[in-house]
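One structure below.
There are 2 protein chains.
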Amino acid sequence: MTTTEHGLVEPLGPAEGRALLMTAEIGRLAFTDGHGPTVEPFAFALDDAAIVLAVGARSGARAAVGQTVAFEVDEIDVVRRTGWSVVAVGTLHRAGPEVRARPEPWPDTVDDGERALLVLTVERISGRRLRREVRRG
Amino acid sequence: MTTTEHGLVEPLGPAEGRALLMTAEIGRLAFTDGHGPTVEPFAFALDDAAIVLAVGARSGARAAVGQTVAFEVDEIDVVRRTGWSVVAVGTLHRAGPEVRARPEPWPDTVDDGERALLVLTVERISGRRLRREVRRG
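Quick mapping for you: the protein sequence lines, in order, are chains A and B.
Each residue of the first sequence is one higher than the last, beginning at 356 in our numbering.
Each residue of the second sequence is one higher than the last, beginning at 356 in our numbering.
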């Protein structure tokens, strides 16, 4: 008898995705700047279903205001190849006074000038759980 | 005397970015599928300066062939808020016979059908080192 190990990708529903999003401290914003697509890590806070970022004056993410962007969080065990990833998609805009969440301004820079609060209004959330399964045959 | 701790974002040059890319096992591909922007983690291999992925028949990344995409790798200490991130940008296409790199097919699925080798020809690489600095004042 031999055993083989396979990776399994299981889709996660929006409720599970939201629950996992709440466990993360840092996510990766995928947007388009003047040079094309890019990805930058940010700390974030949740304001109801919205994702709130505090970005510096020179952050490339300011160029993404008005864009439909993706914000990814994950937790991956690189050695065992297990974990999960969740992607929230929506429009990025400047926070209005109704936004009360105050995310940690990270990454920050000492001379970063005035920070802006940006809000990703989540229109769609999806995710995947990455498992391993041993099969005997 | 008080001390304050600041985060510093230092840009990395292409050579440093390439060196850090070589240390990573898993990266995150930012592309656009039928629903809009999305991000998916993948194992990868390097073939000279190109990034090679082995994706399953049902992987959303197949929709990205022909697109300009971003592939991000990072190593972030979430507790200390230190680390680095690197982004490689270029066009994604199917691998020709000249591509010899054989990346681990991850994430894989048991019934994923025939895999395709996709190649990101890197046109631009950039990165940032994320440090903390204590200032006394």
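Note that beta-carbon positions come from the ideal geometry of N, C-alpha and C, so glycine has one too.
Query: V433/B, buried or exposed, once every other Cβ within 10 Å from all chains shown has been counted against 16; Result: exposed
Query: DSSP bridge partner residues for H361/B (one or two, in chain order); Result: E488/B
Query: G368/B in three-state terms, based on DSSP; Result: coil
Query: Contacts that E427/A makes with chain B (C-beta to C-beta distance below 7 angstroms); Result: R383 and V394
Query: Nonlocal neighbours in the same chain, by C-beta distance under 8 angstroms from R436/A, ignoring five residues either side; Result: G362, L485 and R487
Query: Whole-number beta carbon distance between A374/A and V428/A, since they are thought to touch under 8 angstroms; Result: About 11 angstroms; that fails the 8 angstroms criterion.
Query: Same chain, Cβ closer than 7 angstroms to A404/B, five either side skipped, listed in chain order; Result: V477
Query: Where G372/B meets chain A, residues with beta-carbon distance less than 9 angstroms; Result: Result: empty, since nearest Cβ-Cβ is about 13 angstroms, beyond 9 angstroms.
Query: Under 7 angstroms between C-beta atoms of A400/B and P458/B; Result: yes
Query: I406/A vs L475/A beta-carbon contact at 7 angstroms; Result: yes
Query: Beta-carbon neighbours of H390/A, restricted to chain B and to distances below 8 angstroms; Result: V444 and R479
Query: Assigned secondary structure, R413/A (DSSP; H/G/I helix, E/B strand, else coil); Result: coil
Query: Exposed unless 16 or more other CB atoms sit within 10 angstroms - verdict on A370/A; Result: exposed
Query: Helix, strand or coil at A374/A according to DSSP, with G and I counted as helix; Result: helix
Query: Which of helix, strand or coil DSSP assigns to A471/A; Result: strand
Query: Pair within 7 angstroms by beta-carbon distance, R483/A and S440/A; Result: yes
Query: Any chain A beta carbon closer than 7 angstroms to G487/B; Result: The identity of residue 487/B in the sequence shown is Arg, whereas the question assumes Gly. No, R487/B lies away from the interface with chain A (no Cβ there is under 7 angstroms from its Cβ).
Query: Supposed contact pair V442/A and V394/B - C-beta distance, whole angstroms, cut 8 angstroms; Result: 5 angstroms
Query: Interface partners of H358/B on chain A, CB under 7 angstroms; Result: Reading off the sequence, residue 358/B comes out as Thr, not His. Under the 7 angstroms cutoff, chain A gives no residues; its nearest Cβ is about 14 angstroms from T358/B.
Query: A405/B in three-state terms, based on DSSP; Result: strand
Query: Neighbour list for R436/B in chain A, Cβ cutoff strictly below 7 angstroms; Result: W461
Query: N- and C-terminal bounds of the beta strand (DSSP E) containing G382/B; Result: I381 to D388
Query: Partner residues on chain B for I431/A, Cβ-Cβ distance less than 7 angstroms; Result: I381 and P396
Query: First and last residue of the uninterrupted beta strand (DSSP E) at S450/A; Result: Here residue 450/A is Ala; the residue named in the question, Ser, does not match the sequence. Here A450/A belongs to no beta strand (DSSP E), and DSSP marks it neither H nor E.
Query: Length of the line joining the Cα atoms of A385/A and P392/B; Result: 8 angstroms
Query: For F426/A: DSSP bridge partner residues; Result: L384/A and A443/A
Query: Euclidean distance between Cα positions of P396/A and V444/B; Result: 16 angstroms
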